[in-house]
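Q: My questions will all concern the structure given below.
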Amino acid sequence: MRFQFSLFRYGLFVLSTFISAIGIALVTNAHLGTTPITSLPYTVTAICGLSLGTWTFLINITFVVAQKFLLGPTFKLSALLQLPAVFLFSLFIDLWMWITSSWTVSSYPWQVVMSMAGNAVLGLGISIELASKTTVQPGEGMVLAIAYRSHKEFGNIKVLFDVSLVCLSAFLGFISLGSVVGLREGTLLSALTVGVFVRIFGRLTCRIIPSPAEDVKKEDKAQ
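The sequence shown: position 21 = 34 (my numbering), numbered continuously.
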């Protein structure tokens with residue numbers, strides 16, 4: 014039974030990466046700026062080529078390595094699950110970037126609608142990821158590691174981390190391309206709304222998806 018519960022939860026995690034990738038693709042192809050967490054891979058893609066998913070995977074590998082240095086002996090081997098997680102996520106990003114590339118709209122109001130729809134979908138994906146209680150993407154893992162070492166709140170570190178990614182993206186774009194790419198009002202919109210959508214959908218997912226403790230209670234009753 015516990016194996017079935019674990020399989021169910023990892024299935025939820027795969028579903029969450031699939032949904033989150035749709036959200037990122039919608040926001041990005043609205044052409045109002047990509048999400049803060051995707052800003053660095055997007056800029057490096059514009060500079061060096063390759064796909065957004067490829068650079069998402071490569072950059073997130075560095076996040077896992079950085080976690081190892083930050084956490085030292087407290088770094089758990091289970092954190093390496095972030096690598097297959099982000100590999101799958103990167104594949105889904107490239108898939109949905111290709112699918113949604115033909116959905117591009119030129120009307121500004123519809124671009125805003127498309128960007129907001131992407132933020133809502135991304136919020137849903139993240140809420141399912143959190144409810145699965147399996148692993149996290151390396152970006153969130155990096156924030157958790159910094160929060161642990163600095164003894165600061167996750168939310169505050171998350172904001173600083175996203176701002177740092179955006180600033181680094183702007184700097185790289187300016188020195189390499191002479192302009193900032195992928196950072197517009199949609200990036201700010203994403204920064205302000207995704208967390209709100211996560212909280213909204215989180216209320217629903219926590220009711221539908223039982224916690225691991227509830228899973229164990231159900232198993233004990235069944236026995």
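The C-beta atom is built at its ideal place from N, Cα and C for all residues, glycine as well. Quantities reported herein were computed from a predicted structural model and do not represent experimental measurements.
In whole angstroms, what separates the C-alpha of threonine 47 from that of glycine 85?
A: Cα to Cα, threonine 47 sits roughly 33 Å from glycine 85.
Q: Excluding the 5 residues preceding and the 5 following serine 52 in the sequence, name in chain order all residues of the same chain whose CB lies nearer than 7 Å to its CB.
A: Excluding sequence neighbours, serine 52 sits near Leu178, Val179, Ser182, Gly195, Leu196, Thr200.
Q: Specify the secondary structure class of alanine 204 as computed by DSSP and reduced to three states.
A: Reduced to three states, the DSSP call for alanine 204 is helix.
Q: Which value, in whole angstroms, describes the spacing of the CA atoms of isoleucine 37 and isoleucine 74?
A: About 19 Å.
Q: Do valine 40 and serine 128 count as a contact pair if the criterion is CB distance below 9 Å?
A: A contact, by the Cβ cut-off of 9 Å.
Q: Restricting to Cα atoms, I'd like to know which of Gly62, His44, Phe167 is closest to glutamate 153.
A: Checking every option, the nearest Cα to that of glutamate 153 belongs to Phe167.
Q: With a CB to CB cut of under 8 Å and the five nearest residues on each side skipped, what residues in its chain are close to phenylalanine 187?
A: Around phenylalanine 187: Val193.
Q: Between the Cα of phenylalanine 174 and those of Phe76, Leu185, Leu143, spot the shortest distance and give me the residue it belongs to.
A: Of the candidates Phe76, Leu185, Leu143, the one whose C-alpha sits nearest the C-alpha of phenylalanine 174 is Phe76.
Q: On the CB-based measure, 16 or more other CB atoms within 10 Å of its CB, does serine 203 come out buried or exposed?
A: Under this definition serine 203 is a buried residue.
Q: Is valine 149 helix, strand or coil when you go by DSSP?
A: Note: valine 149 maps to coil in three-state DSSP.
Q: Please classify lysine 89 as buried or exposed, where buried requires at least 16 other C-beta atoms within 10 Å of its C-beta.
A: That one is exposed.
Q: Should the region 134-142 be regarded as contacting the region 204-222, the criterion being three or more beta carbon pairs within less than 8 Å?
A: Flag = yes, the region 134-142 and the region 204-222 touch.
Q: Pick out whichever of Trp109, Ile170, Ser114 has its Cα sitting closest to the Cα of histidine 44.
A: When only C-alpha atoms are compared, the closest one is Ser114.
Q: Less than 9 Å separating the beta-carbons of phenylalanine 31 and serine 140?
A: No.
Q: Excluding the 5 residues flanking serine 64 on each side, which residues of the same chain have their C-beta closer than 6 Å to its C-beta?
A: The answer, listed in chain order, is Asp107.
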